[in-house]
Amino acid sequence: MVFIESSELLNVDSLICYGLHLSLTTFLQISAQSLAYIVLGGFVVAFSTVSVLAKDKVPPSLSAARFLALTQAIFWPKFFVNEVVLGTAFGVAVGPYGCGIFDPHSWGSSTQTVTLEVMRIVLAIGLFIIGVELPGPYMARHAKGLLFMVVPTMAIGWVTVAGVLRALFPGLNFVSCLAVAACLTPTDPIICAAIVGGKFAVKHVPLNLRQILSAESAANDGLAYPFLSISVYLTVESSKRVAFEKWLIIGCLYQVIMGVVIGAVLGLAFSWLMKRSLRRGFIDRESYVAQYLALAFLTIGIVSTIGSDDLLAAFAAGNALSWDEHFNSQTEDELFATVIDRVLNCACFVYIGAWLRFDTFNDPSLGISSIRLIVFFIAILVLRRIPSMLLLYKKRCFLVILVCTELSSGGCTFLHSDIGPMGVGAVFISTLALTRLPEPRYPPETQQELLATMLQPIVSFVVLGSIIIHGLSIPFFSMGRNVSRTLSRSTRDVPEWMFWINQRGAVYKDEEKSRKPDLDLEERLEYESRAKIVPASGGSSTPRVVHSHEAQ
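The letter at position 465 of the sequence shown is residue 465 when you use UniProt numbering, and the numbering goes up by one with no holes.
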């Protein structure tokens, strides 16, 4: 038998550890890019694996009593949780304030560029898909209504939010507050599409209202450029006259109008080209579907190169492409666009979750505190859209007539004003604003530097709050609805299945009631479970409830 000294064992262990370390350092190539791919791809894979579990209903187990049914309503509701909330939560978990695996701010000076382009791609493809999916010449029929609905609502909300900012953050002057408010004015089309495109909205929200919500969110996201440009020009330019001239010529005519025209021309041109190619047999169905990505990238590439509004151009191109509904008929029942949109949305909100900087939410030297940010966020939820929309409805102005019948009722108007999430668009606009402002010093010495320092902490806090409130509004509403329905059913003596019958035709007869024995809860449930409905006899339209002991 050979004995090994402890010192020799130590040397062997050291050699093994050294060899393992050498092999790991030789073969492993850990980088920020590879970790980003693991995080983004891993979440998409994980979410896709359990997407039905998160967005639909968890199968409840069978219960023998109504107490268990109530428990099911609380713990097994229809979740309707989309990728917006889950992606952001996962991004926070793997970000610098969680595991520290994925940190977009560690990329140095390129962080702003990467953030801007990621948001641009997600927004452009999302807006292009919204434009394609709107039925035919929808924008032509509702152009006046959308114009008079979007512009007054955005303008009133823009000034209102700026006033609240001025009151809570006195270090910013009113022009700087207008610049911050311009980032928070537009409704985010990505979160809005995730909300109105879910199963709950499809079941409970009318189609025409879902269409007007999608069109309005797409239009006002692109129209955020004029609100941002006038604020930035007034901040940067020394002369107000020069600022207004640049805003009118560049911000309105060149960016917005030119962007819409170029996008519409590209959409119509490619629609004509694809129809001509189809008649000659040069194009197949798969190539049609590929245009969802190809034409969206081409549009934002051309329009951003000339400095116009690329987001509004992408929406106009998608709507013009499907103007005669030929493109829709060729891509019907194809899920490619939905799949791409889902993958991009998942990756985007994971990025946003990791991008959030929680340490900037409390900076006394800048006048930023968590309490002020919470008060500001609550004020935005209450004052940003709801008062202006309800005012237009109450006054019965011509806007409601032009908008069509979607907002003809107070309930629809309130729902439309309430669904105003802030997310990808706000991050994009705020990052774009930073590219037009000087690099800030700390502490900031000028109003421009103060605006550049405070802009994204305020915007990112509001984005986080909007994702939580708007992303979880439907799950909480569904849970409360299930609990309320279960509680109301538990107080009824009539079996639950009886309420699926026409109440005027299905009744208990007096003699059937008199024959019903006096049973406790479990025996009564068993008694009711044996009941069945038999067809009416003698030409009567009234079905008859028969229990198993009668059938015998």
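In this text, a Cβ means the ideal position worked out from N, Cα and C, and glycines have one as well. In this text, all values refer to a predicted model and were calculated from it rather than measured experimentally.
{"Item": "Taking buried to mean at least 16 other C-beta atoms within 10 Å of its own C-beta, is Ala167 buried or exposed?", "Value": "exposed"}
{"Item": "I need the DSSP call for Asp363, collapsed to helix, strand or coil.", "Value": "strand"}
{"Item": "In terms of DSSP beta bridges, what is Ile368 paired with?", "Value": "Asp363"}
{"Item": "Using C-beta distances below 7 Å, list every residue in its chain close to Ile101, excluding the 5 sequence neighbours before and after it, in chain order.", "Value": "Leu35, Val39 and Val94"}
{"Item": "Find the nearest neighbour of Thr453 within the set Pro96, Ala179 and Ile156, judged by alpha-carbon distance.", "Value": "Ala179"}
{"Item": "Report the residue from Gly222, Gly251 and Ala219 whose alpha carbon sits nearest the alpha carbon of Ser231.", "Value": "Gly251"}
{"Item": "Using a Cβ-Cβ cutoff of less than 6 Å, which residues in the same chain neighbour Ile141 once the five nearest sequence positions on both sides are dropped?", "Value": "With the sequence shown as reference, residue 141 is identified as Arg, and Ile is not the correct amino acid for it. Within the same chain, Arg141 has no close Cβ partners at all."}
{"Item": "Can you tell me where the alpha helix (DSSP H) holding Thr115 begins and where it ends?", "Value": "Thr111 to Glu133"}
{"Item": "Under a Cβ-count criterion, where at least 16 other Cβ atoms within 10 Å of its own Cβ denotes burial, should Trp272 be classed as buried or exposed?", "Value": "exposed"}
{"Item": "Nearest to Ser322 by alpha carbon, out of Thr360, Phe128, Leu437 and Gly259?", "Value": "Phe128"}
{"Item": "Any C-beta of chain C sitting closer than 9 Å to the C-beta of Ala179?", "Value": "The question asks about chain C, but that chain is absent: this structure has only one protein chain."}
{"Item": "Can you name, in chain order, every residue of its own chain whose Cβ lies under 6 Å from the Cβ of Val265, other than the five neighbours on each side?", "Value": "none"}
{"Item": "Please classify Ser239 as buried or exposed, where buried requires at least 16 neighbouring CB atoms within 10 angstroms.", "Value": "exposed"}
{"Item": "Between the C-alpha atoms of Tyr277 and Ile340, what's the straight-line distance to the nearest angstrom?", "Value": "The displayed chain sequence assigns Ser, not Tyr, to residue 277. Those two C-alpha atoms are separated by around 25 Å."}
{"Item": "With 16 other CB atoms within 10 Å as the buried threshold, where does Gly136 fall?", "Value": "exposed"}
{"Item": "Tell whether a beta-carbon distance below 9 Å holds between Leu123 and Ala433.", "Value": "no"}
{"Item": "Counting only the same chain and skipping the five closest in sequence on each side, list residues whose C-beta sits under 6 Å from that of Glu445.", "Value": "none"}
{"Item": "Return the Cβ separation of Ile429 and Leu248 in integer angstroms, given the expectation that the two are a contact with Cβ distance under 8 Å.", "Value": "Not confirmed; about 20 Å, so no contact."}
{"Item": "When the Cα of Val118 is compared with those of Val375, Val424 and Leu455, which residue comes out closest?", "Value": "Val424"}
{"Item": "How long is the line joining the alpha carbons of His105 and Ile352, rounded to whole angstroms?", "Value": "11 Å"}
{"Item": "Does DSSP classify Arg384 as helix, strand or coil?", "Value": "coil"}
{"Item": "Give the C-beta separation of Thr331 and Val289 to the nearest angstrom, bearing in mind that I take them to be a contact with Cβ-Cβ under 8 Å.", "Value": "5 Å"}
{"Item": "Which same chain residues end up closer than 7 Å to Val343 when comparing Cβ atoms and leaving out the 5 residues on each side of it in sequence?", "Value": "Val44"}
{"Item": "Apart from the five residues on each side of it in sequence, which residues of its chain come closer than 6 Å, Cβ to Cβ, to Glu523?", "Value": "Note that Glu523 scores a pLDDT of 49, beneath 50, so its modelled location is shaky and nothing firm can be said."}
{"Item": "Would you say Gly471 and Pro438 are within 9 Å of each other, going by their C-beta atoms?", "Value": "no"}
{"Item": "What number of angstroms, rounded off, separates the C-alpha of Tyr292 from the C-alpha of Asp310?", "Value": "16 Å"}
{"Item": "Taking the Cβ atom as the reference point for each residue, do Thr187 and Arg372 lie within a distance shorter than 9 Å?", "Value": "no"}
{"Item": "At what residues does the alpha helix (DSSP H) containing Phe47 begin and finish?", "Value": "Ala32 to Thr49"}
{"Item": "Helix, strand or coil: how does DSSP classify Asn345 here?", "Value": "helix"}
{"Item": "Please say whether Ile380 and Val462 have beta carbons closer to each other than 9 Å?", "Value": "yes"}
{"Item": "Roughly how many whole angstroms lie between the Cα atoms of Thr115 and Arg279?", "Value": "42 Å"}
{"Item": "Taking the alpha-carbon positions, what's the Gly263 to Ser365 distance?", "Value": "45 Å"}
{"Item": "Below 9 Å between beta carbons: does that hold for Val303 and Ala219?", "Value": "no"}
{"Item": "Please work out which residues of its chain come closer than 6 Å, Cβ to Cβ, to Met154, disregarding the five sequence neighbours upstream and downstream, and give them in chain order.", "Value": "Thr185 and Asn220"}
{"Item": "For Thr185, name the three-state secondary structure that DSSP assigns.", "Value": "coil"}
{"Item": "Looking only at its chain, what residues have a beta carbon closer than 8 Å to the beta carbon of Ser370, apart from the 5 residues adjacent to it on each side?", "Value": "Phe361 and Asn362"}
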